[in-house]
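Student:
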């Protein structure tokens with residue numbers, strides 16, 4: 045007796061269905077690409093499992109996808125003889141979206157159909173794309189290796205619920221029947237469907253077939269009889285794994301469609317590289333750089349990595365062993381002749397072949413990016429805007445390629461009056477002043493805070509360029525990137541500002557004179573501030589600001605302290621060094637103050653101003669306001 049149940053869709057599925065129906069109206073035909081792609085994946089999975097269990101083929105090892113249409117009924121059927129699904133699998137895969145970060149994805153949706161369409165494309169709509177054109181979908185499936193009476197039928201109108209019931213299905217695999225909406229009946233036209241299939245399926249490595257109607261008996265021009273022909277399944281694609289073909293035979297359109305097949309992204313890739321390696325190792329790689337960052341790029345639970353094939357047999361998705369984490373945006377596949385067909389993730393982890401391939405593939409991706417940066421700076425900036433912060437993880441993660449990755453990094457700088465990160469380290473070195481031996485940089489909470497920092501005053505006056513860093517990861521980056529092409533990277537907010545040969549001897553002598561003349565003032569301020577500061581000294585970096593705070597050369601910066609605190613880690617107390625500009629009127633006024641209580645208040649006010657400028661916040665803002673108001677009132681009298 046058939047057992048039927050009704051289930052409600054997961055909330056996120058309802059949202060996705062609504063969005064697809066209303067946001068993807070401009071690109072409706074992608075439903076066929078998604079469903080054919082899923083069917084091909086099901087065939088790949090069966091082929092892999094059958095390596096150790098040939099019985100799963102059930103005597104039929106010719107894998108295929110078949111598409112047929114019934115114009116009268118207004119239906120399209122996509123059928124495969126792949127792995128199929130059990131009843132539990134149907135409920136799990138066709139009723140829920142088991143992606144971590146799903147709720148975050150929906151929060152990012154704006155209500156703008158065009159923008160949301162892009163996001164939905166990055167999310168990967170898969171099976172649910174059927175409802176773009178269908179008002180009812182029927183799925184008939186049976187898992188390979190199961191009995192005929194263990195088939196399952198799933199049906200839904202794409203609204204609040206779906207039904208699942210037991211059926212008898214003689215053949216393994218999955219059959220999806222789309223009951224087209226009245227306004228979408230054009231897709232039931234045989235020629236319309238053929239043009240879409242040809243467009244989207246040439247790269248798929250198993251046959252994608254359409255039913256070709258036979259012709260009745262007819263009479264030729266000379267009266268001879270032309271016998272009737274029977275209908276037959278006609279292969280619509282090349283049915284050869286795209287990456288096994290010669291590059292010269294593959295069009296850009298085919299490469300782009302294959303990218304969409306493996307990534308389920310709607311956008312064309314930014315660039316790609318197809319490479320066959322022969323000799324000591326034999327493998328083929330097809331690597332893509334996407335044009336848009338996926339919505340879950342920063343999700344820790346996100347699966348990443350390349351598709352792995354061994355001798356053209358699909359082995360696994362997301363084989364992360366072939367790509368370092370800082371290149372996790374790369375999509376594509378690797379097909380090896382040197383790995384065993386039964387290779388597992390555990391074997392890949394410590395396999396010398398895998399490690400050698402990882403090294404070579406990493407260098408290839410870096411080479412792709414270097415060429416893009418050299419040949420097309422605008423396109424590289426497009427890449428940088430999407431993936432720059434991920435690439436900044438590279439110097440810490442990949443020591444052997446640290447300098448190559450560093451050459452790909454881009455920053456804002458005082459050379460340009462813009463927050464755009466367009467300056468490379470090579471650009472900076474090319475503009476260094478004669479005698480300059482260091483690359484100067486500042487890390488702050490925002491571009492504005494970096495660009496207007498008082499620590500830049502002397503450097504701006506001397507025309508020395510400073511890199512302006514404000515991404516959250518920059519402090520982490522700079523702790524692992526201490527030099528580039530034998531040029532040390534030096535923070536302008538840490539330690540003494542050593543300009544080396546760029547220092548003017550007269551200015552240096554004047555600084556030393558000021559320091560000597562200010563000794564008593566520095567001592568008074570140190571006593572007034574007590575243990576709030578590590579030291580008080582005359583500054584060498586300020587021209588217009590009265591005071592600033594700096595960290596010691598080997599001490600943790602304020603930005604790193606913030607990062608560690610945000611991560612919930614304990615940080616040691618770091619007392620700043622307080623630097624004063626004796627030529628500033630406020631400091632000169634402070635030096636004349638004879639009332640020790642007022643002197644202490646003035647000293648604390650200048651320190652808190654400097655802390656606010658450096659950190660963007662104060663531990664006790666009310667105390668700062670009290671002192672400020674007190675000083676204002678005193679000057680009003």
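Numbering (the working numbering), first residue to last: 45 to 681. Built from N, CA and C at the ideal position, the CB exists for glycine as well.
1) What does the alpha-carbon distance come out to for the pair residue 502 and residue 612?
2) Would you give the residue range spanned by the alpha helix (DSSP H) that residue 521 belongs to?
3) Look at the Cβ atom of residue 88, then the Cβ atom of residue 366, and state whether they are nearer than 8 Å.
4) Let me check understanding here. Comparing Cα to Cα, which of 409, 512, 228 lies closest to residue 461?
5) Quick check: what's the CA-CA separation for residue 174 versus residue 208?
6) Which runs of the beta strand (DSSP E) at least 3 residues long sit entirely within the region 66-131? Give them in chain order.
7) Would you kindly work out how many angstroms separate the C-alpha atoms of residue 595 and residue 538, rounded to a whole number?
8) Under 8 Å, do residue 376 and residue 350 count as touching if we go by C-beta distance?
9) Quick one: grab the DSSP three-state call for residue 405.
10) Identify the residues that DSSP records as bridge partners of residue 421: which are they?
11) Taking contact to mean 3 or more Cβ pairs, one atom from each stretch, closer than 8 Å, check whether the region 245-264 and the region 313-320 are in contact.
12) Using CA coordinates, which residue listed in 586, 328, 521 is at the minimum distance from residue 551?
13) Does the Cβ of residue 445 have 16 or more other Cβ atoms within 10 Å, making it buried, or fewer, making it exposed?
14) Going by Cα to Cα distance, which pick from 96, 520, 620, 72 is closest to residue 604?
15) Return helix, strand or coil for residue 433, following the three-state DSSP convention.
16) Give the C-beta separation of residue 254 and residue 241 to the nearest angstrom, bearing in mind that I take them to be a contact with Cβ-Cβ under 8 Å.
17) Measure the alpha-carbon distance for residue 249 versus residue 475 and round it to whole angstroms.
18) Using the three-state DSSP reduction, which class does residue 476 fall into: helix, strand or coil?
19) Which residue wins for smallest C-alpha separation from residue 508, given the options 523, 478, 385, 435?
20) Under 8 Å, with one C-beta from each stretch per pair, do the region 296-307 and the region 269-281 reach the 3-pair mark?
21) Is it buried or exposed, residue 415, if we count other Cβ atoms within 10 angstroms and call 16 or more buried?
22) Determine contact between the region 429-447 and the region 521-537, defined as no fewer than three beta-carbon pairs at a distance below 8 Å.
23) May I have the straight-line CA-CA distance separating residue 678 from residue 648, to the nearest angstrom?
24) Within its chain, find whatever has a CB closer than 7 Å to the CB of residue 105; leave out the 5 residues flanking it on each side and keep chain order.
25) Could you give the residue range of the beta strand (DSSP E) that holds residue 52?
26) Select from 593, 490, 531 the residue whose C-alpha is nearest the C-alpha of residue 498.
27) On the DSSP letters alone, give me the boundaries of the alpha helix (DSSP H) that residue 27 sits inside.
28) The beta strand (DSSP E) with residue 319 in it runs from where to where?
29) Suppose contacts are defined by Cβ-Cβ distances below 8 Å. Is residue 348 in contact with residue 364 by that definition?
30) Measuring alpha carbon to alpha carbon, tell me which of 504, 583, 651, 672 ends up nearest residue 572.
31) Hey, residue 528 and residue 447: beta-carbon distance below 8 Å or not?
32) Kindly list the residues whose CB is nearer than 8 Å to the CB of residue 62, restricted to its own chain and excluding five residues on each side of it in sequence; keep chain order.
33) For residue 50, which residues in the same chain have their Cβ closer than 7 Å to its Cβ, ignoring the five residues on either side in sequence?
34) If you draw a straight line from the C-alpha of residue 463 to the C-alpha of residue 410, how long is it?
35) Can you tell me the Cα-Cα spacing of residue 220 and residue 487, whole angstroms?
36) Since I believe residue 353 is in contact with residue 434 (beta carbons under 8 Å), could you give me their beta-carbon distance rounded to a whole number of angstroms?
Tutor: So, to answer that:
1) 36 Å
2) 518-524
3) no
4) 512
5) 18 Å
6) 109-114, 119-124
7) 5 Å
8) yes
9) helix
10) Answer by DSSP bridge pairing: none, since residue 421 is not bridged.
11) no
12) 586
13) When all chains shown are included, residue 445 counts as buried.
14) 520
15) helix
16) Correct: roughly 6 Å between the Cβ atoms.
17) 52 Å
18) In the structure shown, residue 476 adopts coil according to DSSP, grouped into three states.
19) 478
20) Verdict: no, contact absent.
21) By the 10 Å Cβ count, residue 415 comes out exposed.
22) yes
23) 16 Å
24) none
25) 48-52
26) The candidate whose alpha carbon is nearest that of residue 498 is 593.
27) Because residue 27 is not part of the residues shown, which for the chain are 45 to 681, the question remains open.
28) 315-321
29) The answer is yes: Cβ separation under 8 Å.
30) 651
31) yes
32) Nothing listed; no residue qualifies.
33) 205, 207
34) So the alpha carbons of these two residues sit roughly 25 Å apart.
35) 55 Å
36) With 8 Å as the limit, residue 434 and residue 353 do not qualify as a contact, their Cβ atoms being about 26 Å apart.
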